[in-house]
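In my numbering, the protein residues as written are 36 to 162. Backbone N, C-alpha and C fix where the C-beta goes; we use that ideal spot for every residue, glycine too. See structure below.
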């Protein structure tokens, strides 16, 4: 009794996914974020995410190896951000997708301001 019921439930879920996107994927698609549903609901699931998804760059980011100008650009961006993604690249991305970056971490505004203050203090005392 349990096996037929389980199989029918699984079949219903698979058929429903072919007819329409799952509930949460539908919410993402309505916001214009199609990449997640392409990775989960199509045959693009085996492809790297950067081949399917468009980069989202509407906010300032900090390079993994940042200069003072990079820190200032992030801190002075409008509207002010509370958190900044730390992004980097690797040889594969440089060769195939030079404009793409990968997320390495995140830093808060407070930490970035403190880092900027410390660097400025060190450069002022160095001859």
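When DSSP states are grouped into helix, strand and coil, residue 94 belongs to the coil group. Annotation: residue 150 to residue 137 spans about 22 Å, alpha carbon to alpha carbon.
For residue 109, the CB contacts under 6 Å within the same chain, skipping 5 residues up- and downstream, are 95, 97 and 119 in chain order. The DSSP-derived three-state label of residue 65 is helix. A check of alpha carbon separations from residue 155 across 37, 56, 107 and 49 identifies 107 as the nearest. With contacts defined as CB atoms closer than 8 Å, residue 122 and residue 142 fail to qualify as a contacting pair. Around the beta carbon of residue 60, 16 or more other beta carbons lie within 10 angstroms, which makes this residue buried. Scanning 116, 158 and 42 for the CA closest to the CA of residue 146 turns up 116. Taking all protein chains in view, the Cβ of residue 112 is surrounded by fewer than 16 other Cβ atoms within 10 Å, so the residue is classified as exposed.
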